[in-house]
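K.L.:
For reference, each letter of the sequence shown is one residue, going 6 to 96 in the working numbering. I have a structure I would like to understand better, so I am pasting it below and will then ask my questions one at a time.
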Amino acid sequence: MGFFSKLFGLDKEPKVVEAEPVEYEGYRIYPEPIAENGQYRIAGRICKEIDGEVKTHTFIRSDLLASKQDAEIFMIEKAKMFIDQTGESMF
C-alpha cells in the first residue's frame, strides 16, 4: 500500500528539512520558520552541549512575516538576544 500512497500523493508523512545551524557564543541556532496561511511564524531551536549532553530549547514567537528568509533572519537575531539575556538558564 505504501507504493500506491506515494504514487497518488496520499503519503501524509511530513518531509523534514534540516536547517543549517548558526554558531553563536557556543550555541547552535537552527532557524525553522513555520508556514501559516501564506506567511511564516518565527521559530527554531537553540542547542548547546553541556556535560556531554545536547540541550535544546524550542523557540516559537507570535510574529508572522511574509517571507521565509525574513523569518529565518529575525529568528537568528532574536535567538542571539535571548542567549545574551538568559544564557544556559534557558535549559
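All C-beta atoms, glycine included, are put in the ideal place defined by N, C-alpha and C.
1. According to DSSP, is A84 helix, strand or coil?
2. As a quick exercise: from C52, K85, I39 and A84, pick the residue whose alpha carbon is nearest that of L69.
3. Name the DSSP beta bridge partners of E41, please?
4. Once DSSP output is grouped into helix, strand and coil, what is the label at S94?
5. Among I47, V59 and P36, which one has its Cα closest to the Cα of F96?
6. Return the residue from the list E37, I51 and G57 that minimises the CA-CA distance to M86.
7. Just how far apart, CA to CA, sit T91 and K73?
8. What residue does the beta strand (DSSP E) around P26 start on, and which one ends it?
P.N.:
Let's see:
1. helix
2. I39
3. Q44
4. helix
5. V59
6. I51
7. 26 Å
8. Counting along the chain, P26 falls outside any beta strand (DSSP E), and DSSP gives it neither H nor E.
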